[in-house]
Amino acid sequence: MGGGDDDADAHRQRNRWVSAVRDWWRRPADIGQVGQDPDVRFSLANERTFLAWLRTSLALLAGGIAVVQVVPDFSFSGARHVLGVPLILLSIAVAATSYRRWALVEKAMRERRSLPVSGLPRVLAAGVALLSLVALIFVLVAGKGPQ
């Protein structure tokens, strides 16, 4: 009986989701209309940082693919995927959040506010450290050794 209410709730929820995604992926043209133009050097530094995040993402992707496809097998199956898949997932996380980070920093500079803090460096550092530890364990314990 409450089908109409359920449809209206679903429609409102969908609209909230669409609005959130639209805000999250704010176009650069929209950002350019906020506040005042910052010193061009700061905008270019922000862009270089964005490009560095993308290079990091590409390096993680290449590393993940290389681990899965090129690294010799360990003594147990699935070890390469245990290392490679998280690298690829970290790559996706870095790539997916780098644009948003650029936009938030650009907006903060234009509004003469403090720059927002990002949790991405902590996640990336913890992920790489954990995967490095797992790789070390695999090399020391699960390596095949000379044939």
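If you're matching positions, the sequence shown starts at 4 in the working numbering and goes up one per residue. Ideal placement from N, C-alpha and C gives every residue a C-beta, glycine not left out.
{"Query": "Between the segment 76-88 and the segment 98-117, are three or more C-beta pairs nearer than 8 Å?", "Result": "no"}
{"Query": "How long is the line joining the alpha carbons of residue 72 and residue 120, rounded to whole angstroms?", "Result": "36 Å"}
{"Query": "To the nearest angstrom, how far is it from the Cα of residue 138 to the Cα of residue 132?", "Result": "10 Å"}
{"Query": "Buried or exposed: which applies to residue 56, given that a residue is buried once 16 or more other Cβ atoms fall within 10 Å of its Cβ?", "Result": "buried"}
{"Query": "For residue 63 versus residue 94, is the C-beta spacing smaller than 8 Å?", "Result": "yes"}
{"Query": "Since residue 66 and residue 114 are thought to touch, with beta carbons under 8 Å apart, how far apart are those beta carbons, to the nearest angstrom?", "Result": "Going by Cβ atoms, the distance from residue 66 to residue 114 rounds to 37 Å, so no, they are not a contact pair."}
{"Query": "Does residue 70 pass the burial test, meaning 16 or more other C-beta atoms within 10 Å, or should it be called exposed?", "Result": "buried"}
{"Query": "Reducing DSSP to helix, strand and coil, say where residue 89 ends up.", "Result": "helix"}
{"Query": "Can you list, in chain order, the residues of its chain with a C-beta nearer than 6 Å to that of residue 98? Leave out the 5 residues immediately preceding and following it.", "Result": "60"}
{"Query": "Assuming residue 65 is part of the alpha helix (DSSP H), what are its boundary residues?", "Result": "43-72"}
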